[in-house]
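Presented below is the structure to which this report refers.
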C-alpha cells in the first residue's frame, strides 16, 4: 500500500492584474489591447488591488493623515486579475476550479467565456472544468466590478433600507460590512481574490467530514458523517480517531454506509475552557481508498465537550438567566468582542493571529465574540482558540441593518451560512451561533413591531414604510441551517435580543451603552446590567506610537484635524472630552491626553467587570452570566473602544480587564460613606484566603490596617463581612487577597474624582538594565504606566503601595525610549543604566 494521495490541489500563483478601462471590449482585453498605460502588473493571490497599488507606490497609506479620502477611487474602477494553467490532453480525473473567496462583485471568465458570477465574498465556489476547459493552455480572468453602483441599483429596485454605519445600501451586498466604514474604522472597499484560487484534480474525494460529538456525563460518542464526490465506485474508507497522545482510540474501515455511524470513545478525555481543565484535542483521520491506492485523505482536530445555553429563573428576580455551561459546569463568560484585525484581510499573518489569541489568554478571557460586521475568521483563528481553551460566540455577518429578503438574496445567505457552519462546526471552541449584530435594535429604532411580536412568516412594516425581514433571515434561514448542520451548538437570534425589546435587562443578552452613549457615569455600570452583557465600552486614544505613525508633527495635538479624522464615532470627541472633564484637569499635551483617556477607559472597564461579575451569584441565582467588552482590537490608529490598539499594543483597560477576570478576585467598593467587599471565584473548589486591608494618605503614611481570613466559595460570589474599619474618604485603600502567602488579587480604591485631589508628583524610583525594569514606590501610586511600544511589559497599569517594588520584563526588544508615567506624575524617560535613576 502506498501513502501517496491521488487528489492534488495546486494554487494558481502566476497572477497579473490591471485596470479595465471603460468601453474596452473583453476581446481586446484578452489580446492586451486598450489597456491602461501601466498594462499588466504582477499580483499576489490571495490579495487585494489596494495592496498591489500600495506596494507599487501608486496609492498613499490610507491610514496616514487624511489619506482615507485619497484612496476611494480604487473601488470605483473595474479591475482584472489574470492567470493561466495547463491541463493534460486526456484524463479520467475530475478537474475543479476552486475559488475560496472573491471580494466581492466578480465575473469569472475561462478562455473568454463566463464561468460564474459571484456577489458574496463569504461563499466559496467549486466549478467543474469538464467541458469548459480545454487541453493545454487555459486563461482565467477575474473581473471585479465597482460595488457602489450595484448596491444603489438594488436600492432603487427594492427600496431604501435603514442601516447604521456606512452607506445604508450596503445591506444589499454580502460584503464585510465594516469595509463601508464604521464608528471606529475608515471606509476602504477592498477589491480582489482575498482567499486562495486552486486547481483540484481527483478521481474521487472526501467532500465533507463531520464528526458530531455527544457528551453525557462520563460517556462520549462520535457520529461520523462522510460525504463523497467523484467516481466512488469500489471505494472504501479507513477511519482513525487518535487521542491527545496520538494513540488510536477508535478505528474502523469499510464502505461509506458502514463507517457512517456512531462510535463510542473509550475513556474519553474531555475538552475544557482555559482554567477549567485540559484542552484535550483528538485527531480524526479519514482516508478514501480504491484498492491499494489512497484517493484522498482528511484530518481534523476535535474536542469532546458539551456546550449548553441555559435560560432559567433567577432566584428572587424577574426574567431568566443567560448562562453557558460546558460539560455541565456553569461558567461566567468574561472576554471581549473581536473585529477583523485589518481592513485588507490578506495582510493577516499566522503570527498576528497567534499574538492576538495569546493576548486574550494573558488577558484572562474565557470567551470572545466574533462580531457580525466583519468576516468569518480564518481556520487558524479557531484552531488557536481550540488549543487555548477560548470559547467563541460566532455571529453571522449581519450588522446594524434592515436586510432584504428577495429570493435570490435569501438563497445567497443560505449558501453563505452552510459554508460557514460546515467549515467551523467541528471546533470545540464554538459555543454559539448568533444571527448577527443589532439588526433587531435597528428595527426597534425605526418603529417596527417589537421583536417578541415579529412574525416568523413575513416582514413587518415600519412607520416609514420600511419592512423588517429579520424573521426571514435571523429566525428563518440561519436557524434552519444550524439545526440541519450543527444541531449540538446553540443558536441565538440576534445580539442584543430577548424579552419584549432588545434592551431588556432581565432576558437574553444586552448591549449596555448607557455608559458612553448615554453619558451615565462610569461608576454606575451596576445600574445598567443585563443577564449577559455582550457589548459595553469606553473610548480612549491609542498609544503615542500609533498616533505618531499616522500624524504629521504639526497635527500631534489632542483635538487637531487629523486627530478628529481618526475619531469615527459621531460626537465622539465631545463625549470623550465630557467624560475627561469629570475626572481630570484638561491638558493640551498629547502624551498626557492619551494617558488620561486610557486611565478613564481602564477605570470604566474596572467598574464594569466588578459590577457584572459581582452578580454571578450562585447556582439558581445567576443574575449576570457574562460580560464581553466592546472591543478587543482595532483596524487602524484611532480613538475607539479597543483595549489593544492597531499596533498590537495593549492599553491600560486590557490590564484592568485581566485583573478583574482572574480566577479569584477581591473587590473593595467605597460609596456614599460605606465600604463593601466581595470575592468572586471561577474555581471548582472553595479557596481559603488571607485578607489584608490598608489605608494610606497621599504622602504614604499608613492610617489603618486590618487582617482576617475568608473563603471564596467555588464558582460563586462571596460577600465579605468586614471587620470594623474607618471609611476614610480621602485615603487610598488597598484590599489584598493572599493564598499561601502569595497575592492572588488586589483591589485599590482611590478618592474620586481625581481632579479634586492634589497628588504629590513624587515619581517611582526606576532602574532599567536593558532587560528588567525595577520600580519602587515611596507613596501610593495610581496607574503606573510603562510606555514601551510593541515591547510588551510583563505587567502594566500598576497600583503600588508605599514601599512596594516590582520587576517588569519585556516580551520583545525595545525599539523606542522607555517612558514611565503615573497619576499626577508627568511621563519621564528611563535610560538603560546599572544604578537607580533619581527622577526629577
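Residue numbers (the UniProt record's numbering): 1 to 840.
All C-beta atoms in this analysis are idealised placements derived from N, C-alpha and C, irrespective of residue type, glycine included.
Small disclaimer: the values here were computed from a predicted structure and weren't measured.
Where DSSP assigns a beta bridge to residue i, which residues make up the other side?
i           : result
residue 237 : 254 and 288
residue 120 : 174
residue 365 : Residue 365 is not bridged to any residue.
residue 670 : 675
residue 356 : Answer by DSSP bridge pairing: none, since residue 356 is not bridged.
residue 420 : In DSSP, residue 420 forms no bridge with anything.
residue 188 : DSSP, once it has assigned bridges, lists no residue as partnering residue 188.
residue 297 : 287
residue 511 : 535
residue 406 : None; residue 406 has no bridge partner.
residue 210 : 225
residue 710 : 689
Taking only three categories from DSSP, how would you classify residue i?
i           : result
residue 6   : coil
residue 14  : coil
residue 717 : strand
residue 599 : helix
residue 566 : coil
residue 579 : helix
residue 646 : coil
residue 728 : coil
residue 434 : strand
residue 497 : strand
residue 313 : strand
residue 572 : helix
residue 75  : helix
residue 50  : helix
residue 738 : strand
residue 841 : Residue 841 lies beyond the range of the chain shown here (1 to 840); nothing can be said about it.
residue 653 : helix
residue 828 : strand
residue 59  : coil
residue 246 : coil
residue 591 : helix
residue 22  : coil
residue 204 : strand
residue 694 : strand
residue 664 : strand
residue 415 : helix
So residue i and residue j are in contact, right, with Cβ under 8 Å, and what is the actual spacing, rounded?
i           : j           : result
residue 814 : residue 787 : About 11 Å; that fails the 8 Å criterion.
residue 540 : residue 601 : 4 Å
residue 632 : residue 643 : 6 Å
residue 147 : residue 189 : 6 Å
residue 265 : residue 222 : 6 Å
residue 760 : residue 824 : 7 Å
residue 238 : residue 255 : The Cβ separation is near 11 Å, so there is no contact.
residue 716 : residue 617 : 7 Å
residue 429 : residue 386 : 5 Å
residue 288 : residue 204 : 6 Å
residue 48  : residue 15  : Actually they are not in contact, since the Cβ atoms of residue 48 and residue 15 sit about 12 Å apart, beyond 8 Å.
Can you find a CB in chain D that lies within less than 8 Å of the CB of residue i?
i           : result
residue 165 : Absent from the structure: chain D. Only one protein chain is present.
Can we say the segment 491-507 touches the segment 432-447, given the rule of at least three CB pairs closer than 8 Å? yes
To test your reading of the DSSP string, which unbroken alpha helix (DSSP H) runs of 4 or more residues are found completely within the segment 86-170? 147-158
How do the segment 649-667 and the segment 605-613 stand: do at least 3 beta-carbon pairs fall below 8 Å, yes or no? yes
For the segment 477-489 against the segment 507-525, are there 3 or more C-beta pairs whose distance is under 8 Å? no
Please specify which runs of the beta strand (DSSP E), each continuous and at least 3 residues long, are wholly inside the UniProt domain "Beta-mannosidase Ig-fold" (766-819), giving them in chain order. 772-776, 781-787, 798-800 and 805-809, all fully within the UniProt domain "Beta-mannosidase Ig-fold" (766-819).
May I ask you to verify whether the segment 80-100 touches the segment 140-148, counting CB pairs closer than 8 Å and requiring at least 3? yes
Count the CB pairs spanning the segment 726-736 and the segment 664-673 that are closer than 8 Å, and state whether there are at least three. yes
Examine the Cβ distances between the segment 216-235 and the segment 282-299 and report whether three or more of them are shorter than 8 Å. yes
Please specify which runs of the beta strand (DSSP E), each continuous and at least 3 residues long, are wholly inside the segment 604-643, giving them in chain order. 626-629
Three Cβ pairs or more, each shorter than 8 Å: is that satisfied between the segment 321-340 and the segment 359-371? By the Cβ rule, the segment 321-340 counts as touching the segment 359-371, because three or more pairs are nearer than 8 Å.
Count Cβ pairs between the segment 338-345 and the segment 514-534 that sit closer than 8 Å; are there 3 or more? Counting C-beta pairs with one atom in each stretch, the segment 338-345 and the segment 514-534 have fewer than three that are closer than 8 Å, which means they do not touch.
Is it a yes or a no for the segment 798-810 touching the segment 767-787, going by three-plus beta-carbon pairs under 8 Å? Yes: at least three Cβ pairs fall under 8 Å.
Counting pairs of beta carbons, one from the segment 589-601 and one from the segment 524-535, are three or more of them closer than 8 Å? no
Does the contact criterion of 3 or more C-beta pairs under 8 Å hold for the segment 674-686 versus the segment 95-112? no
Is the number of C-beta pairs between the segment 347-362 and the segment 307-324 that are closer than 8 Å three or more? The segment 347-362 is not in contact with the segment 307-324.
With a cut-off of 8 Å, do at least 3 Cβ pairs link the segment 53-65 to the segment 547-555? yes
Does the structure place the segment 568-575 close enough to the segment 166-186 that three or more beta carbon pairs sit under 8 Å? yes
List, from N- to C-terminal side, the beta strand (DSSP E) runs of 3 residues or more that fit wholly inside the segment 319-348. 323-326, 329-331 and 333-338
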